[in-house]
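Here the working numbering is used: the first residue of the sequence shown is 19, the next is one more, and so on.
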Amino acid sequence: MPAQHAAAAPASGRPGADPLPPRRFELLGAPFDGAATLGWPGSRYAPERIRAALGWMLQRREDGRIYCLDHGTTHPFPDDLLTDGGDVHTVAHDLAATLDAAADGVRGAVRAGRIPVLLGGDDSLLYPAARGLAEAADGTVAVIHLDAHLDLLDRNEQQGTHSHSSGMRRAAELPNLDIASSIQLASRHFNFPSSLRFREERGLRNIPATAIHERGVDDVVDEVIAHVSGADRVLLAFDIDAVDPAHAPGAGAHEPGGLTSFQAVRLVQRLAPHVHAMVLTEVNPLTDLRDQTANLAAYLVAHLVVHGAAAAGAAAGEDD
Ligand SMILES: [Mn+2]
C-alpha cells in the first residue's frame, strides 16, 4: 500500500490507537481565464464569489464545531482547519507564468503540511495543480478527474498546448503521474477519437456520466477509491461542468446529462478522506444565476474540508 494509506489504515476503529493528526486545508485562488480559448470566459471572477458563499455557510460554526445535517453528526471545525492563502500571482497576459504560479502555490501548501484547494479559473489549472502536488514530494500521484470533457487534447492551432482542453494531457506527461491509477468521471457526449486512443494506450480509466446514473454514486465511489489506491497521493480535479447545467448553470460550457448537485456533493463527501489536493475549475459568475453555481462550488469545498479532516481509515463510520 502507498505510504499515506498504509499509515492511516491501522488506526481504523482500533480502540486505544493514537488518532492521526487532523488534516488542514488551504484555499488558493487563481483568478485567470486566459486559457478558456473555446469556452465562455468569466471564470476569473469565481474565486471571490466562491469565497463569499463559503463565508456565509461557515458562519454556522459554534465552539469550533459544525453540524452536518446529511449525516446527523457534528464535526470539528477549528479556525485553522481551513485557511485562506489568498490568490496566486496570476499574470493576465502570460499563461506560462500563471501556470507556474499556480504550481508554486500548490507545492508550497503541500510542503507546509496543508491540503491545497485551488479555486480557478479555467481548466488549464488542472495541470499546475497536478504538477504542484507531484513536485511536492517523492512518490506517485493519481488524478480523480470530474469533467464533462476529457481534456486530453495534445495541441491544435486555436488552443495551443496548455488550454482548458489539455490539462489532463499535460498532467499525464509528469514523470510521477500514475495515469493507470487515475480515473475520469462524468464525461459525456462526444470527443476526439485520438483521446480514446490515448486513454487505451495509457490505461486511463473512464466512467461516463451515464454509468454513474446507472450504477449510482456509491458503487462508483467504491471503485474509484480502490482504483486510486495504487498511487501515493491523489488530486481531486473538479471541473464544475461535470455537474448538469440545470444544477450548475455558471460554467464554461453546457453539457446536458451531467451529475446532479446531490451526486456531486455525495462524491466529494466520500472521496474527501482520500484526497491530498483539490482544484475546482470553470465556475463562471458571468453565466451563473444568482450565484447558484458558486454556492454549489463552495459547498463542495466545505464538504471536502469537513469530511476530509480525518484521513482515510482514521474516522470509522464517517467514510466507507
Ligand atoms: Mn469541462
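Heads up, the beta-carbon is just placed ideally off N, CA and C, and yes, glycines get one too.
Source: prediction; values computed, not measured.
Notebook entry, point to check: Is the closest heavy atom of ligand 1 to the C-beta of H265 under 6 Å?
Noted result: no
Next item on the list: Mark E44 as exposed unless 16 or more other C-beta atoms lie within 10 angstroms of its C-beta, in which case mark it buried.
Entry: buried
Check: Going by C-alpha distance, which of A120, A160, R129 is nearest D141?
Finding: A120
Item checked: Which of helix, strand or coil DSSP assigns to T311 -> helix
Notebook entry, point to check: Looking at G139 and T299, is the spacing between their C-beta atoms short of 7 Å?
Noted result: yes
Notebook entry, point to check: According to DSSP, is A190 helix, strand or coil?
Noted result: coil
Note to self: What I want to know is whether the C-beta of H207 ends up closer than 6 Å to one or more non-hydrogen atoms of ligand 1.
What the structure shows: no
Next item on the list: Under 6 Å Cβ to Cβ from L46, same chain only, skipping five residues before and after it: list those, please.
Entry: G103, V106, G123, P134, L136
Notebook entry, point to check: To the nearest whole angstrom, what separates the beta carbons of V161 and S205, a pair I think is in contact under 8 Å?
Noted result: Not really, about 14 Å apart at Cβ, beyond 8 Å.
Check: Where in the region 238-289 do unbroken runs of the alpha helix (DSSP H), each at least 4 residues long, occur, reported from the N-terminal end onward?
Finding: 279-289
Note to self: What would DSSP say about A21, mapped onto helix, strand or coil?
What the structure shows: Caution applies to A21, whose pLDDT of 40 falls short of 50 and renders its modelled position unreliable; the model cannot decide the point.
Note to self: Restricting to runs no shorter than 4 residues, where is the alpha helix (DSSP H) found entirely within the region 80-142?
What the structure shows: 113-129
Note to self: Would S183 and L171 be called neighbours here (beta carbons separated by less than 7 Å)?
What the structure shows: yes
Checklist line | Residues that R223 bridges to, as DSSP identifies them | finding: I201
Check: Is it true that the CB of G52 sits closer than 7 Å to the CB of L304?
Finding: no
Check: Helix, strand or coil: which one does DSSP assign to G47?
Finding: strand
Next item on the list: Say whether the region 110-117 touches the region 73-91, bearing in mind that this needs 3 or more beta-carbon pairs closer than 8 Å, one atom from each stretch.
Entry: no
Next item on the list: Look at the alpha carbon of Q202 and the alpha carbon of E80, and state the distance between them as a whole number of angstroms.
Entry: 37 Å
Next item on the list: Measure the C-alpha to C-alpha separation of A328 and H294 and round it to an integer number of angstroms.
Entry: 12 Å
Notebook entry, point to check: Taking the C-alpha atoms as reference points, what is the distance between A96 and R83?
Noted result: Residue 96 is actually Pro in this sequence, not Ala. So the two alpha carbons sit approximately 7 Å from each other.
Checklist line | Three-state class that DSSP yields for A320 in the structure shown | finding: helix
Checklist line | Chain-order list of residues whose beta-carbon lies under 6 Å from that of R32 (same chain, five-residue window excluded) | finding: Summary for R32: the model assigns pLDDT 43, below 50, so the residue's position carries little reliability; its value from the coordinates is reported in the next sentence. Nothing listed; no residue qualifies.
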